[in-house]
Every structure is written in C-alpha cells, then in structure tokens.
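J.: Chains as they are written, first to last, in full-length UniProt numbering: chain A, 1 to 206; chain B, 1 to 206; chain C, 1 to 206; chain D, 1 to 206.
There are 4 protein chains.
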Amino acid sequence: MKSEKSKNTQEKIFNAALKVFSEKGFSGATTSEISKEAGVAEGTIFRYYKTKKDILRGVMLEYVERFEEFANLESLKKIIRENKDKSIEEILKIILLDRYKVFEKNYNIMKVIHYEMQFHEDIKSMYIEKIREKEYQMSNYIFKQIKINKEEYKNIDYKLISRIFRGMMFGVFFQRRSEMEKDNIIPIEKEIDVMIDVFFNGIKKK
Amino acid sequence: MKSEKSKNTQEKIFNAALKVFSEKGFSGATTSEISKEAGVAEGTIFRYYKTKKDILRGVMLEYVERFEEFANLESLKKIIRENKDKSIEEILKIILLDRYKVFEKNYNIMKVIHYEMQFHEDIKSMYIEKIREKEYQMSNYIFKQIKINKEEYKNIDYKLISRIFRGMMFGVFFQRRSEMEKDNIIPIEKEIDVMIDVFFNGIKKK
Amino acid sequence: MKSEKSKNTQEKIFNAALKVFSEKGFSGATTSEISKEAGVAEGTIFRYYKTKKDILRGVMLEYVERFEEFANLESLKKIIRENKDKSIEEILKIILLDRYKVFEKNYNIMKVIHYEMQFHEDIKSMYIEKIREKEYQMSNYIFKQIKINKEEYKNIDYKLISRIFRGMMFGVFFQRRSEMEKDNIIPIEKEIDVMIDVFFNGIKKK
Amino acid sequence: MKSEKSKNTQEKIFNAALKVFSEKGFSGATTSEISKEAGVAEGTIFRYYKTKKDILRGVMLEYVERFEEFANLESLKKIIRENKDKSIEEILKIILLDRYKVFEKNYNIMKVIHYEMQFHEDIKSMYIEKIREKEYQMSNYIFKQIKINKEEYKNIDYKLISRIFRGMMFGVFFQRRSEMEKDNIIPIEKEIDVMIDVFFNGIKKK
DNA sequence: GATGAATGAGATTTCATTCAT
DNA sequence: GATGAATGAAATCTCATTCAT
C-alpha cells in the first residue's frame, strides 16, 4: 500500500537517478549525488531500492513499460488499418515522426539502457527479449506486407530490407541527437520525408 | 628514449585497458583489473599514465591516429580516381566493405570512445573536431560529386542525402555488432550490396 | 545543522590529527594513524575534511581563532590600563607569564603551524597576515609607549627594540620547550623575571 | 677508495637532498625529486645511501662536522685571548656577526635537522650530544667569565644569563630568516650592536 | 518512514627500493 | 658504477550500504 507521499519519494529518486545515470553513466553516478538531486537523504534511497544496481533494474523496467505502451504490433496494425487510404510511405512518415518524438522524450532512459546493457547480462537479455525482438517484429511486419505486393516492389528478402530500414532509422535518430550542439540542424519532418522517399523509391521496381 | 622493453609494457597496459574499458566501461574498470590483464604490477600503470583518466585520453589519441590513417579525404579521392571505370555504386561498395572491416577491427576502441565522450567534455570536443568533422567532409564530398551529375540523380540537397547515408551506414554497422549473439546473421557483403543498391536506386530519377 | 554527535566526531579527528601531526609532522602523519588515534574509521575523516591537506588548514584556522582570542591589541591595552599603578616591567611580567602559559597549552598547534608553513604557501601567507602582523603590532605598541617616556629610556628605534624583545621572548620560550627531557629546568617565573629585569635595565638611561 | 667521480656523485646527491629536504621536509621529499635535482638516476642514490633515512643521517653528520669546525670552545677561547684589549661587548659583537654569517650559510641544513630531530630519536640524541651541549658550554663559558668580574656586573646565576642570551640570539636570528620576504629589513650589524648593548647594559650594575 | 553519520571494503595513487642490463 | 623500469606495500580517498535516532 504505497502512500501518495512515498510514491512521490520513489518517483523523485527514480527521476534523479535517471538524470544522474544519463549524465555520468551508472558506474560514474554516486548515490550521494542521486540523493542530492532527488532532495532526499542518502539512506532513503535504500528504503526504495535494495542496492544501487536495483535502481538500474528499475530504470530498465520503466523503459520496457514505456516501450510497450508506445510500440507494439497491435497499435501498429491499427494505425495501418486506420490509414488504408494513405500510401505506405505516408503512413510510415507518420509512424516515424511519432517514434522520433517518443525517442526524444525517452532519450535519457534509452541512452542509459543501451550503454549499461553491455555490462549487465540481466539487463541485456531483458533488452533483447522485451525490446529488440518487438522492434524486429514490427519492422518485419511492415516489410512483409510490401513483399506481398510483388508487382510494385523489387523482390528482396523482407528481413534484410527490414534490417536496413531499422539501421537507417536509428542511425539517423542517433546522429541527430549527437549533433545537439549544432544550431542549424535540419527539421526532423524534412529528414524523415527524404529518408522515406529515397528508401521507398529505392526498393521499387523501375 | 623509449626502450623496446618499456614500449612493450606501455602497449600491454594500453591493450589491457582497452579490453577492460570495453567490457566494463571506463568507470566500471579498475586499475587493478587492468594491471592483472596486462600482467604488470598496478603501480607500473602509473609510470606510463599519470591517472586512470589519462589512459582514456591515450585511447582517444590512438583512436584519432588510427582513424586518420584509414579515413581521410585524400585516400578517398585516390580510390575514386583509381576506379574511374567503375560506377559510383561499385566504388562505394568497396569503400563500405573496407570501412566495415576497419570498424570490426577497431570496434572496441570506437565503442569506448563513443560511449565515454558523453561523460568527458575533453574527449567529446576532440572527437567532434578530429573524427566527426572529417567523417562529414568525406561523405559530403561523395554526394557533392553526385549532385553535379544532375541528369541522372534527383535534385536533393547533397548535405541531407549525405546525412541520411551516414546514418544508415553506421546504423547498419552498429546493429550488426549488437547482434553478435545471433548465429544466422547475413554476410556483410550482401548487406552492403543491398544497402547501396536500394539507396542509389532511391536517389535516381526514374 | 551540526549535531552534538558529529561535532564531537570532528573534534576527535581534529585532536587526533593535531597530536599525530605534532609527533610525526604533516607529511609523516598518515590518515590511518589519525583515524586510529581518533577512534573512528578512516573513511570518517573524509566526511569532515575533504583531503588530508584540508585537516592542516583546519589546524591553521583553529590556531588563528585561538590566537585572536588571547592575543589582541584591545586586551593588551586593557591590561595596561588596569595596571596603571604598576611599572611597565611588572605589567610585562604578567603578560609574558600569561603568554607562556598560552604557549605551553598551545605548543602543539603552534609547533605544527610554524613548521608546516615553510612547506605550504597558503598556510604561510595566512600566518603572516593573521598572526605575525598582529604580534608585531602588539610589541610595537608597547615599545612605542616607552619611547614617549624619553627621560627614563634611551633613544633607540622602538621598532628595533621591539624586534629584539620578541626574538628574546620566543627564543627563550622555544628553548625551554626543546629541553623538555631535562629535569632540573629553572621555573618560568624566575626566567621571565630576570629576562625583563635585564632587558629593561638595559634600555634605561644610566 | 672513492674515485673523484664517485665523490662528485655523492656530493651532488647530498646537495640535492639537502635542497629538497629544506623545501619539502624529509617526509615530503621524494627520492625521485632528489635524483632529478642531482641529475642522477633514482637507483644511483641507493648506491651511496642504503635508505632514504640514511641520507638524513648523512645530513646530520655533515651538520655536526660543520658545527664542530666553526663552533668549539678552543676557538672561542682563542678569539677572546686574541682580543684581550677589546671589551667583552666588542668581542661578542664580532663572534655574533660571525655566527650569523655561519647561520645564514648553513640555514638549510640547520632548518632540516631542527625540524627532523623531533621525529627521529637517533637524530635528536645526536643533536643534543654533539650540538646543543657544545652550544651551552660555550655560552656558559662566556658568562662564567663575567660572573667572576663581580664588581661591574650584577650577581645573577651565570647559567640563567647564558640561557637568556642564547634564547635572544637564536630568537633574533630565526626571526630575521622568517622575514625574508620583507625588503626593508634592518642590517644585521645594527641589530647585533643594539642587542649586545642592551643586554650588557642590562646586566651591569648601575 | 526518513535521516545522515559512520563504516570499511576497495579504488586510485605514491614512492622507496630492487635488480637486470 | 650507473641506469631506470618494475615492483608492491602503503598511502590517500571514494562510496554503497547500514543503522541508531
């Protein structure tokens, strides 16, 4: 029976930890800094998380939860169904823009997990099972649809196409974030537009 | 006057540090583990590097050195000149395959620097100046060439095309490495082939 | 909001550090020994002092504080005022005896600071500003009074007389302390008596 | 059979050690810095001194040697004999000026020994036996002479007078050295003049 | 529940000393 | 004799975790 207040405290700790992890990395973060950032005593952290590592597990669980909310096959199918009148390109542009916004909003949590999973087997296997596999399912689903449409599109292994698309998408997204210090960056809408246009033009028969 | 012996010791420490950094991250690595891995006393490390952070700087310097060796505008131009009879697609396939091999060989050092630059301003600014800018120059150079060839290619801002291409390339490369536990992974040659074909088909006029 | 308990811990550490510093010198002292002497864990020291050097700074601050308490121009003037009926010699005997008692009580802290200021510029400049200058002001004040009394005293530069007096006083004080292993040492009262008598007889006109 | 070269090396090490000890203290000095200052390899030090502590013992021995050269009862008596026509004040002024010059020349070595003897019993007992006792003997000798001259001088315990005189002398000498940063310091000749005049006037009968 | 002082294991770093060349 | 690379014990310092209040 979590009280309002204690829920609030846990949240403060979680947010503080996420901030500090994303700025210093898990190992570089100290519970002392997290407690200061959260505005609680250092000991309080350990009433909510048994160990520092446990906070990281909490971050992972939150990541999975958020991911499942915004990225799942059902909602993808729903979007496609609801936009039957639009071309697949148009639909994907909508999806990617949405994904980029989610990406931006959840950048810190993603960054932390992507970095730390290298060093923590439990985080890694959970990531593969709960995130990566879902990600692959979704992109595979899209390009399987296209493969069916044999007349218009080239006959390329849909899994390979799916791989390249995913690589391109995340490559472009991460590249944008790594250029945050630049001021004349191109708008994301324009970049997605061109990315999708080139890619789909590329996989079409002439 | 570095003796053979001492050069050897420094190398052992460097390699050990690189290995441990890539397995545990900079903060998660301990000088004790590095010394064991290198087969030297812990104190010996500090004859070669003033501080642990200094080892990371050494890794960065080595990265820059290696990068400048294999990735510079001159050698890129040379490859293009030497392959004048081949199509731009063919040339890029050669370049990308080469880059992937370099990427694989230098994966650890790249991974370490890409991750750690988030947490160390000095590493980050050096990375931007010495690596990223050069990378951008090179890909921009390639797509500027194509732009000139107006008849065949669509009229898209070459910098934007260059961005998307780089994103795709690194996205695909990193995706491969993050899937190392998979056994049925597609050969890199095939993946590059399709990637280039789709991308160049995509930017051509119909 | 320092609790009683933590104030007590800091004091234990301070006293232990002072003892060990005075027995081994700053560089020769180890935080391990200080912690044992203080009866706390070694790590506890660093909750109260950021670095070992910081403990020395703490010692310096304490020295200044104690010095300002017992040695300031106002209280000197007060003593003189209150003893108007006594001769200057009698007054100075009272002052010197008091100073010697303070000297004995604060011998360790004085010794540590006097020695260490040679090696630490920050300690030295603080010493000069906060201690030596005040010391000079006070002795100068006394001998300026005497100078005014032209009839009785020789016409010697009061600053020079003041210098020699200070030198004699501290020389005698330190000589006593450096002979602690001797058992037949003359009582301080007698030594001060003779010192003052000789000195004032010496500066008087015949 | 010390060769010229090796004698030279030992001397270089000795001088370097003395310099570094006087700047950093014995514990604060490192053999690495001494070797750099001496212009020899670190290992070379240990061919001439078994341990770092041994260098300090060497410094002590050198101090004793120098002291015995310039300060011994025989030469004191000789000076007095040779200046029979001069007053005791005049003779002491000559002696003190000479002692101050020796003091200045040997300041570093004195400073090091005076500081370190607190922390090293062997150094301390050697100091007491070889230096302090001789020092006391000499000043006692002088004031015993004066005591004999009962008519002119007050009847004060010659040992006490001797103590105060020594305290004054070293107090004044050290005070001068501790004011090295000042530029308008009074000449030593003048200070000695006044010091002796005041002191001897002070111990005379009216 | 919350606090924050205290802990102590372990991390980084220093440095006198050794020894192969 | 001289060198300086290597050592490892010990020093300084950090920090996750505990626990009395």
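Backbone N, C-alpha and C fix where the C-beta goes; we use that ideal spot for every residue, glycine too.
Are the beta-carbon atoms of lysine 12 of chain D and alanine 29 of chain D separated by less than 8 Å?
T.: Not in contact: lysine 12 of chain D and alanine 29 of chain D (Cβ atoms no closer than 8 Å).
J.: Alpha carbon to alpha carbon, how far is threonine 9 of chain A from glutamate 65 of chain A?
T.: The alpha-carbon atoms of threonine 9 of chain A and glutamate 65 of chain A are separated by roughly 20 Å.
J.: Restricting to Cα atoms, I'd like to know which of D:Arg47, D:Lys77, D:Ser32, D:Lys52 is closest to isoleucine 142 of chain D.
T.: Closest by alpha carbon: D:Lys77.
J.: Is any beta-carbon of chain B found at less than 8 Å from that of methionine 1 of chain A?
T.: Caution is warranted here: a pLDDT of 47 is assigned to methionine 1 of chain A, below 50, making its placement in the model unreliable, and no coordinate value can be reported.
J.: Chain B partners of serine 75 of chain A, CB-CB under 7 Å?
T.: The contacting residues do not exist; serine 75 of chain A stays about 23 Å from chain B at best.
J.: Where does the unbroken alpha helix (DSSP H) through threonine 31 of chain A begin, and where does it stop?
T.: Its alpha helix (DSSP H) spans residues 31-38.
J.: Buried or exposed for leucine 96 of chain A, going by 16 or more other Cβ atoms inside 10 Å?
T.: So leucine 96 of chain A counts as buried.
J.: Looking at glutamate 116 of chain B: is its Cβ nearer than 8 Å to the Cβ of leucine 56 of chain B?
T.: Cβ distance < 8 Å, so glutamate 116 of chain B and leucine 56 of chain B count as in contact.
J.: Name the residues in the stretch 100-125 of chain C whose C-beta lies less than 7 Å from a C-beta of chain D; which are they?
T.: Within the stretch 100-125 of chain C, the residues whose Cβ lies closer than 7 Å to some Cβ of chain D are Tyr115, Phe119, listed in chain order.
J.: Counting only beta-carbon atoms, is methionine 168 of chain A nearer than 8 Å to chain B?
T.: For methionine 168 of chain A, the answer is yes, since a Cβ of chain B falls inside 8 Å of its Cβ.
J.: Would you call the stretch 15-31 of chain D in contact with the stretch 103-110 of chain D, where contact means no fewer than 3 C-beta pairs closer than 8 Å?
T.: With the cut-off at 8 Å, the stretch 15-31 of chain D and the stretch 103-110 of chain D touch.
J.: Give me the residue from D:Val172, D:Arg163, D:Ile164 with the minimum Cα distance to serine 162 of chain C.
T.: That would be D:Val172, whose Cα lies nearest to the Cα of serine 162 of chain C.
J.: So, for glutamate 189 of chain D: in the same chain, excluding its five sequence neighbours on each side, which residues have a beta-carbon less than 8 Å away from its beta-carbon?
T.: Same-chain partners within the cutoff: Leu97.
J.: Would you say isoleucine 201 of chain A reaches chain B, if we count a Cβ-Cβ gap shorter than 8 Å as a contact?
T.: Correcting the residue identity first, residue 201 of chain A is asparagine in this sequence and not isoleucine. Interface residue, yes.
J.: Taking only beta carbons into account, state which residues of the stretch 15-44 of chain C come closer than 9 Å to chain D, listed in chain order.
T.: Cβ contacts with chain D come from Ser22, Glu23, Lys24, Gly25, Phe26, Ser27, Gly28, Ala29.
J.: Cβ atoms of glycine 58 of chain C and phenylalanine 14 of chain C: under 8 Å apart, would you say?
T.: Their beta carbons are under 8 Å apart, which means phenylalanine 14 of chain C touches glycine 58 of chain C by this criterion.
J.: For arginine 163 of chain B, return the contacting residues in chain A, with the cut-off set at a CB-CB distance below 8 Å.
T.: Val172, Gln175, Ile186, Glu191, listed in chain order.
J.: Of all Cβ atoms in chain B, is any one closer than 8 Å to the Cβ of valine 64 of chain A?
T.: So no, valine 64 of chain A is outside the interface.
J.: Between glutamate 191 of chain A and the rest of its own chain, which residues show a CB-CB distance below 7 Å, the 5 nearest in sequence each way excluded?
T.: Here the set comprises Val172.
J.: Alpha carbon to alpha carbon, how far is tyrosine 63 of chain D from lysine 124 of chain D? Give it in angstroms, no decimals.
T.: Roughly 13 Å separates the two Cα atoms.
J.: In the DSSP assignment, the alpha helix (DSSP H) including threonine 51 of chain B goes from what residue to what residue?
T.: First-last for threonine 51 of chain B: undefined, no H or E at that position.
J.: Can you find the residues in the same chain that come closer than 7 Å, C-beta to C-beta, to methionine 201 of chain B, ignoring five residues on each side of it along the sequence?
T.: Before going on, a small fix: residue 201 of chain B reads as asparagine here, not methionine. Hits under 7 Å: none found.
J.: May I ask which residues mark the beginning and end of the alpha helix (DSSP H) holding isoleucine 79 of chain A?
T.: Per DSSP, isoleucine 79 of chain A belongs to the alpha helix (DSSP H) from 73-82.
J.: Taking all protein chains shown into account, do 16 or more other C-beta atoms lie within 10 angstroms of the C-beta of alanine 41 of chain D, making it buried, or fewer, making it exposed?
T.: That one is exposed.
J.: Can you give me the C-alpha to C-alpha distance between lysine 144 of chain B and methionine 169 of chain A, rounded to a whole angstrom?
T.: One C-alpha to the other measures close to 23 Å.
J.: Rounded to a whole number of angstroms, what is the C-alpha to C-alpha distance between tyrosine 158 of chain A and phenylalanine 165 of chain A?
T.: When rounded, the distance between both Cα atoms is 10 Å.
J.: Does any CB atom of chain B fall closer than 8 Å to the CB of valine 198 of chain A?
T.: With 8 Å as the cut-off, valine 198 of chain A counts as an interface residue toward chain B.
J.: Are any of the Cβ atoms in chain D nearer than 8 Å to that of leucine 160 of chain C?
T.: Chain D contact via Cβ: present.
J.: Does serine 27 of chain C come out as helix, strand or coil in the three-state DSSP assignment?
T.: Correct three-state label for serine 27 of chain C: coil.
J.: Give the secondary structure of aspartate 98 of chain D by DSSP, where H, G and I count as helix, E and B as strand, and everything else as coil.
T.: Of the three classes helix, strand and coil, the one that applies to aspartate 98 of chain D here is helix, per DSSP.
J.: Start and end of the alpha helix (DSSP H) containing methionine 180 of chain C?
T.: Taken as a continuous stretch (DSSP letters only), methionine 180 of chain C belongs to no alpha helix (DSSP H), as it is neither H nor E.
J.: Determine the closest residue to lysine 130 of chain C out of C:Asn72, C:Ile80, C:Asp197, C:Tyr100, with distance taken between C-alpha atoms.
T.: For the residues C:Asn72, C:Ile80, C:Asp197, C:Tyr100, the minimum Cα distance to lysine 130 of chain C belongs to C:Asn72.
J.: Please list the partners that valine 194 of chain D has in chain C, where partner means a Cβ-to-Cβ separation under 7 Å.
T.: By Cβ distance, chain C contributes Ile156, Leu160, Ile164.
J.: Using the Cα positions of methionine 180 of chain C and alanine 17 of chain D, report the straight-line distance between them to the nearest angstrom.
T.: Whole-angstrom Cα-Cα distance: 30 Å.
J.: Can you tell me the Cβ-Cβ gap for glutamate 89 of chain C and aspartate 197 of chain C, rounded? I've got them flagged as a contact below 8 Å.
T.: Indeed, because the Cβ distance is near 7 Å, the residues count as touching under 8 Å.
J.: Among B:Lys134, B:Thr51, B:Val112, which residue has its Cα nearest to the Cα of glutamate 74 of chain B?
T.: Ranking the options by Cα distance to glutamate 74 of chain B, first place goes to B:Lys134.
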